[in-house]
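First comes the structure, then the notes that go with it.
Residue numbers (the working numbering): 1 to 161.
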């Protein structure tokens with residue numbers, strides 16, 4: 001049991017730093033959605049980003065722990081990535097709503113995509129790809145904030161949908 005109390009591949013401070021960054025990035029993305037009164041609040045983004053980060057860390061730990069054993073366990077970090085991102089896709093789909101009325105619209109697509117992106121950024125942090133996570137975070141914020149502002153002058157649409 002002691003083997004599961006210590007990390008195989010990282011230190012506690014490194015793991016805490018990765019999860020803290022995931023929480024911070026999730027908070028920032030969720031805050032944008034919250035300030036625009038979107039259907040999912042900032043806590044969901046924080047939960048998704050930090051949990052996917054933890055799952056990535058767990059995947060690395062499992063692979064490191066069982067690397068030299070003679071078990072029939074098939075280890076593949078990409079299986080964790082694809083399973084997690086598929087699951088988050090379902091959560092993101094829940095943010096998308098078709099509204100009826102005089103002007104039918106599908107709303108929540110940016111929020112749904114943002115949840116999926118937050119999960120991917122959390123995975124990047126969990127695997128230790130800090131530069132890639134920072135780039136993904138920057139791109140996501142530019143798209144949400146800058147292009148959210150530009151919707152009105154370019155497409156004559158506000159960011160209310």
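We put the beta carbon where it would ideally sit given N, CA and C, even for glycine.
In this text the structure is predicted, and so the values were computed from the model without any measurement.
What are the start and end residues of the alpha helix (DSSP H) that includes residue i?
| i | result |
| --- | --- |
| residue 121 | 109-126 |
| residue 14 | 12-35 |
| residue 103 | Note, residue 103: premise wrong, no alpha helix (DSSP H); not H, not E. |
For residue i, which option in the options has the closest C-alpha, if you only look at C-alpha atoms?
| i | options | result |
| --- | --- | --- |
| residue 93 | 81, 116, 84 and 76 | 116 |
| residue 129 | 68, 22 and 155 | 22 |
| residue 148 | 58, 61, 18 and 36 | 36 |
| residue 85 | 17, 15, 34 and 51 | 51 |
| residue 111 | 81, 20, 34 and 9 | 34 |
| residue 18 | 81, 134 and 43 | 134 |
| residue 58 | 77, 49 and 144 | 77 |
| residue 89 | 144, 70, 106 and 118 | 118 |
| residue 125 | 146, 53, 13 and 67 | 53 |
| residue 113 | 87, 102 and 131 | 87 |
Please report the straight-line C-alpha distance between residue i and residue j, rounded to a whole angstrom.
| i | j | result |
| --- | --- | --- |
| residue 142 | residue 25 | 13 Å |
| residue 65 | residue 127 | 16 Å |
| residue 6 | residue 138 | 33 Å |
| residue 47 | residue 150 | 29 Å |
| residue 80 | residue 41 | 26 Å |
Going by beta-carbon coordinates alone, are residue i and residue j separated by less than 8 Å?
| i | j | result |
| --- | --- | --- |
| residue 169 | residue 108 | No statement about residue 169 is possible, as the shown extent of the chain runs from 1 to 161 and does not include it. |
| residue 9 | residue 60 | yes |
With respect to 7 Å, is the separation between the Cβ of residue i and the closest non-hydrogen atom of the ligand ATP below this value?
| i | result |
| --- | --- |
| residue 15 | This structure does not include the ligand ATP; it has no bound ligands of any sort. |
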